[in-house]
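Respectively, the protein sequence lines represent chains A and B.
For the first sequence, position 201 matches number 201 in the UniProt record's numbering, and the numbering has no gaps at all.
For the second sequence, position 236 matches number 236 in the UniProt record's numbering, and the numbering has no gaps at all.
Glycine included, each C-beta is placed from N, C-alpha and C at the ideal position.
For clarity, every value in this text was computed on a predicted model and none was experimentally measured.
Reading through the structure tokens given below for one structure.
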Amino acid sequence: MSADPLQALASAGKGENTRSLLRFIILALIAGAAIASRLFSVIRFESIIHEFDPWFNFRATKYLVANGFYNFWDWFDDRTWHPLGRVTGGTLYPGLMVTSGIIYHALRALAIPVDIRNICVLLAPAFSGLTAIAAYLLTNEMTPNSSAGLLAALFMGIAPGYISRSVAGSYDNEAIAIFLLVFTFYLWIKALKQGSMLWGALCALFYGYMVASWGGYAFITCLLPLHAFVLICMGRYSTRLYVSYTTWYALGTLASMQIPFVGFLPVKTSEHMPALGIFGFLQLLAFLDYIRSAIPGRQFQTFLWLFAGGTFGLGLLGLVLATSAGVIAPWGGRFYSLWDTSYAKIHIPIIASVSEHQPTAWPAFFFDLNMLIWLFPVGVYLCFQELADEHVFIVVYALFGSYFAGVMVRLMLTLTPVVCVAAAIAVSTLLDTYLSAKSPSPPPAHAADGGEGAGKKAAKAGLKSTTKPVVGIYGLWGKGMMVGAMAVYLLLFVLHCTWVTSNAYSSPSVVLASKMPDGSQHIIDDYREAYQWLRQNTREDAKIMSWWDYGYQIGGMADRPTLVDNNTWNNTHIATVGKAMSSSEEVSYPIMRQHEVDYVLVVFGGLLGYSGDDINKFLWMVRIAEGIWPDEVSERAFFTPRGEYRVDGEATDAMKNSLMYKMSYYNYNNLFPPGQAMDRMRNARLPEVGPTLSTIEEAFTSENWIIRIYKVKDLDNLGRDHMSAAAFDRGSKKKKAAKKRGPRQLRVD
Amino acid sequence: MKTTAVLSALLSVLSLASAASSDKKSSSTSTTLPATFRPPQVFKNANLVHVVSVEKNYVKENINVVIENIDKAAHDEYFVPFTADQLSRLGGVEVKDRKDAAAGPFVAEAAQFDQESDIQYLRIRLPQPLASGAQQTLGISYYLLKAYVPLPAAIKQEEQQFLSYSFSAYCPSAYTTTKQKTEVKFPSTNFPDYTKLPGSGAVQEFPTKQGSKLIYGPFDEKPAGAIQPVSVRFEFNKPVNHVSRLERDIEVSHWGGNVAFEERYALYHRGANLSSLFNRVKWQQSQYYSPTSFALKEMKFPLRVGSEDPYYYDVIGNISTSRFRSNKREALLEIKPRYPIFGGWKFPFTIGWNSDAKNFLRRAAGGGFVLNVPFLEGPRQPEGVEYEQVEVRVILPEGAENVKYQTSIPTTSITSADVEIHKTFLDTIGRTALIIKARNLVDDLRDRELIVSYDLPLMARLRKPLIVFGSSMALLVGALVMGKLEFKFDSRK
């Protein structure tokens, strides 16, 4: 609706200059809006790193800033995965940390000493501004109409699907990776359109950056060859394709191999084979193309095609053989779970236990994309209408992206850019059609004499009818309706995005907010209370055992060594912790002693009704432990005979004796009148007598009982085992000793 | 003496404004005492009352002594002995004439003496040499930090905390004392254990108990250096707050019209440790039934009226348990630590706030500026707070020069004062920072002021806006030029 005055303004300026200035201003405003809409959590809470993984990235960034790049590269971290340690420098994607490090040092050089934490917190919003601009550029390659680009930038800027991973404080790889993804695609289209080696090289450069930043780079590695393959199948092989693809692949693969974590994967694993295969196939095609141009002759050509197909087939066969022989690693677990969504649940519970690896529920699409989800097919359809090379890309991307987004919740992220681009094309086409106030200036003579006849003609002409709009809506009323409806949708979209961002994606999850009876905000800060206690009042090298979810936070906030963390590289180690948690004290204590555990940390939501606690995650611990020790841990033992998972008086013995259960409910019943103890999370009335602990003792419990920390007792001074020592301390008599005493005898001097 | 004062003032970047400070300067250049030094027996303590106050978590001692010159010549140096350990924990020494408030400044300082010796001396320089046979009544007051030992050292969290303090019943003196007594003031009437001494004269047994006081004495004549170790054990069911290091930044902004304060505390509880680990159930119940505990639960910072935007955080972020009441009469910042702090527990934190520069800064008659801020603004706790190391940084605007300071904090507590350069936001040459390091301060001194005067030339004030404007203009022009340039390998037309 505002386009009218804009057009007027543009025409007043009469020049490309004014238009580009306007575009610049609008883009700057969109980038500003993208940044601003991500700041809810900073304004509501504080400038804080969110959730779990970002805490590791933050810690790594601090290490990078403090120790320099080379030390970071060679970083062996002995404060995680105790006693194994982790070759952190070689097992992470360094792009994010290096980016913040560079920004940090650049700002220092400009005499703006910003705290590294603030850089980390605000990195994701800043990059989302850049993503909006990248989306503008990408869309501009699709249509000559720059309003589509601006719309795409706007959608990209505020779509909740992307905001979910890029609010301030969500300092994760995705924060910069989505920008790199979109920008690499833009450069790829640019390279492909122009057949330019320069753009191809730039594309490879940003691909390299992407590889350095996020494991999701495989998406590009698979999508670009797929695009090339589809183009070839459509008979669109061209030297442009050859130049751009080979430049990208050669340089990009070299760039990706510079990252220690990736190393030789690009030539060793199946995920990277399509790119290599297409690379070889393109060489072959180029060769044949050359020969075809040199030697005419139909039969020869047929022979050549057969030859090409044969080579391709042979290559594929070789690949299969090499894979089965073990030269090329088969697909990783996460990739299998992309094809078979129940694969992970059966074979790799550790992957399945992460909520973001679950298949997407359908409302999530609407939640994350709102009206874009129904505009998306329209945009893809419009791409089909033109179907130049770049439109094929959008179509391929749309198909590929939709599938993956359906399989895994977190991959909604990779779908969002193409949805934004396609929806922007759709909306701008709609608006362009209905916004031109110029009513039928060429019409009456032709259209008036026989509207029906013209329509028939058009129908006969089939697809070409679209190029000659003989029939149309020219009434201002109809146009107004259409434009008005669109405007309302757009406004609703903004409302929805703001609402979703504010309510669903802006909670740091380290800090919980609740409302006081008078409506004021009350902050539940138990995590940091406990972490700060650990940091200040335990030995510097006190080992903390907790479920792996909290590993990164303990490392980042409490600065203490942990047994397992969110890196999950060693399933056995995690299973060991799972076993310690799910077994009885007699079994757990030796495990903890062997791992030099000083403190055990559990999360308990029973008092507050906090759902993300360890009792709710307990079954995953059991399952993962059972995967390694099927004889010692059994998931079935934690369910009652009727198949219920209970924590109250009717809980199974395995449950009641497990360390996790005891730690969660130890001393809890003392908080209530006798027999009244309630677990508010599970709505269960707990038994009147609480669990007793003999090998560990309560060291700290946070204000709302969310975090409970236990100290592992040292060996008993008198060489007793802890059970009898604790029994002695409680004052229960040893029955044996009582029996041994003989009958009373009268003493006679 | 005047010439040395002028010289030292010229030599150092700092020149100290007041006569008192220049006196201090000149005396500090005096030579080190020889290792064989014994204070000349030229004085006699005619009467001495030693008041030891253990009411707060540091010891405040007051020695009121009538000194008499028994030598033939006039003397102006009076020595007070301390052990080396005591001297390292000694702070806030102040001396005055009990009879004559206008008797001029007494200068007290640790005499440079053999480092190996266990006995060190505090030298008090009288304003006027005391004539032969004349008497003067001195009031010497000082604080001793880290004075107590919790006894028992570990208790349960619901138990009462007891502290013990050891000192000498005879006031340690370098001179013969004719008559003396020592009073110990306790925070409550509950002090179960104390050393008993055989009495003298009418009193059967020392000490005598008066309410919450114990009195050792009066004793008859004791020779120089006589000591009688005693120890007392008393209930102190309050936290023993010890700030091992306080960094206080005061940043003055002329353009912003703002003075920003930031304080970083390394807080430690020196009291009894927990004998069994922290139990939340008992804690929650005790909060309900008997709220007094030796754990530190809350701190109150009465800030200057007009303070605003307070913040409170620690190394892992904001701490939400704080309240700020600000109105025309008060600006009270109440903070709670993340967890109750028991003996042996640490809790480092940072607080900060802003205030209008008008409250602290004014133009001096000579054209410079004068900043008058409190030297120390710690929490006001009933149990007291002690500060082992204090570093006050006054960050003045870029280009400030001719910095002088003066403070009413006892000069013995100040260990160094330097002017350095502090580089921060958009600085080109860096801001002038006055860094004053002090030690062994207590919260009794929290109202002492710090007066800093400096000059700020006009060019220094305009430097930053000019540089920011200039560089952004350069950037703009650069961008324009870059936009006009054509970067292409060939222009196909």
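Interface flag, residue i vs chain A, CB-CB below 8 Å
{"i": "Trp353(B)", "result": "no"}
{"i": "Trp255(B)", "result": "no"}
{"i": "Met473(B)", "result": "no"}
{"i": "Lys484(B)", "result": "no"}
{"i": "Tyr339(B)", "result": "yes"}
{"i": "Leu426(B)", "result": "yes"}
{"i": "Ser320(B)", "result": "yes"}
{"i": "Leu277(B)", "result": "yes"}
{"i": "Asp100(B)", "result": "no"}
{"i": "Val281(B)", "result": "yes"}
{"i": "Gly470(B)", "result": "no"}
Beta-carbon proximity check, residue i vs residue j, cutoff 8 Å
{"i": "Tyr645(A)", "j": "Leu619(A)", "result": "yes"}
{"i": "Gly612(A)", "j": "Gly606(A)", "result": "no"}
{"i": "His269(B)", "j": "Gly344(B)", "result": "yes"}
{"i": "Tyr599(A)", "j": "Tyr710(A)", "result": "yes"}
{"i": "Gly217(B)", "j": "Lys181(B)", "result": "yes"}
{"i": "Leu126(B)", "j": "Ala110(B)", "result": "no"}
{"i": "His50(A)", "j": "Pro377(A)", "result": "no"}
{"i": "Ile409(B)", "j": "Ala433(B)", "result": "no"}
{"i": "Asp455(B)", "j": "Glu398(B)", "result": "no"}
{"i": "Glu688(A)", "j": "Pro674(A)", "result": "yes"}
Below-8 Å beta-carbon distance, residue i vs any chain B residue
{"i": "Trp705(A)", "result": "yes"}
{"i": "Lys711(A)", "result": "yes"}
{"i": "Pro113(A)", "result": "yes"}
{"i": "Leu671(A)", "result": "yes"}
{"i": "Tyr531(A)", "result": "yes"}
{"i": "Asp368(A)", "result": "no"}
{"i": "Asn657(A)", "result": "no"}
{"i": "Ala60(A)", "result": "no"}
For residue j and residue i, the rounded distance between their alpha carbons
{"i": "Phe366(A)", "j": "Phe400(A)", "result": "19 Å"}
{"i": "Val54(B)", "j": "Tyr104(A)", "result": "50 Å"}
{"i": "Leu450(B)", "j": "Phe375(B)", "result": "5 Å"}
{"i": "Ser170(A)", "j": "Arg236(A)", "result": "42 Å"}
{"i": "Ile706(A)", "j": "Tyr288(B)", "result": "21 Å"}
{"i": "Val603(A)", "j": "Trp548(A)", "result": "12 Å"}
{"i": "Met663(A)", "j": "Pro630(A)", "result": "24 Å"}
{"i": "Tyr403(A)", "j": "Gln299(A)", "result": "41 Å"}
{"i": "Lys479(A)", "j": "Tyr434(A)", "result": "5 Å"}
{"i": "Asn241(B)", "j": "Glu308(B)", "result": "26 Å"}
{"i": "Asn362(B)", "j": "Glu377(B)", "result": "For clarity, residue 362(B) is Arg in the given sequence; the question names Asn instead. Taking the straight line from one Cα to the other gives about 21 Å."}
{"i": "Ile429(B)", "j": "Ile435(B)", "result": "18 Å"}
{"i": "Trp248(A)", "j": "Val267(A)", "result": "15 Å"}
Interface flag, residue i vs chain D, CB-CB below 8 Å
{"i": "Met557(A)", "result": "The displayed structure is made up of protein chains A and B, and chain D is not among them."}
Those runs of the alpha helix (DSSP H) which lie wholly inside the stretch 567-606 of chain A and span at least 4 residues: Entirely contained in the stretch 567-606 of chain A, the alpha helix (DSSP H) runs reaching 4 residues are, in chain order, 571-582 and 585-594.
If contact is defined by three or more beta carbon pairs under 8 Å, each pair taking one atom from either stretch, is the stretch 183-197 of chain A in contact with the stretch 52-67 of chain A? Flag = no, the stretch 52-67 of chain A and the stretch 183-197 of chain A do not touch.
Check whether the stretch 548-562 of chain A touches the stretch 357-374 of chain B, taking contact to mean three or more Cβ pairs, one atom from each stretch, closer than 8 Å. Contact between the stretch 548-562 of chain A and the stretch 357-374 of chain B is absent, because fewer than three Cβ pairs lie under 8 Å.
Below 8 Å, how does it come out for the stretch 147-162 of chain A and the stretch 200-220 of chain A: are there three or more Cβ pairs, yes or no? Touching, no, given that fewer than three Cβ pairs across the two stretches are closer than 8 Å.
Taking the runs of the alpha helix (DSSP H) that are 4 residues or longer, which of them lie wholly in the stretch 208-232 of chain B? Complete alpha helix (DSSP H) runs here, min 4: none at all.
Ranges of the beta strand (DSSP E) found wholly within the stretch 338-402 of chain B, counting only runs of at least 3: Those beta strand (DSSP E) runs which fall completely within the stretch 338-402 of chain B and span 3+ residues are 346-356, 361-363, 369-374 and 386-398.
Below 8 Å, can you find three or more Cβ-Cβ pairs linking the stretch 89-101 of chain B to the stretch 407-419 of chain B? Yes: at least three Cβ pairs fall under 8 Å.
Quick test of the definition: if touching needs 3 or more C-beta pairs under 8 Å, does the stretch 125-141 of chain B touch the stretch 71-84 of chain B? Output reads yes: the stretch 71-84 of chain B touches the stretch 125-141 of chain B.
On the three-pair Cβ rule with 8 Å, is the stretch 222-240 of chain B touching the stretch 171-180 of chain B? Yes, the stretch 222-240 of chain B is in contact with the stretch 171-180 of chain B.
Which runs of the alpha helix (DSSP H) fall wholly inside the stretch 75-104 of chain B and span at least 4 residues, in chain order? DSSP runs (the alpha helix (DSSP H)) wholly in the stretch 75-104 of chain B: 84-88.
Using 8 Å as the Cβ pair cut-off and three pairs as the minimum, do the stretch 382-398 of chain A and the stretch 138-152 of chain A touch? Short answer: they touch.
Check whether the stretch 131-143 of chain B touches the stretch 65-73 of chain B, taking contact to mean three or more Cβ pairs, one atom from each stretch, closer than 8 Å. Flag = yes, the stretch 131-143 of chain B and the stretch 65-73 of chain B touch.
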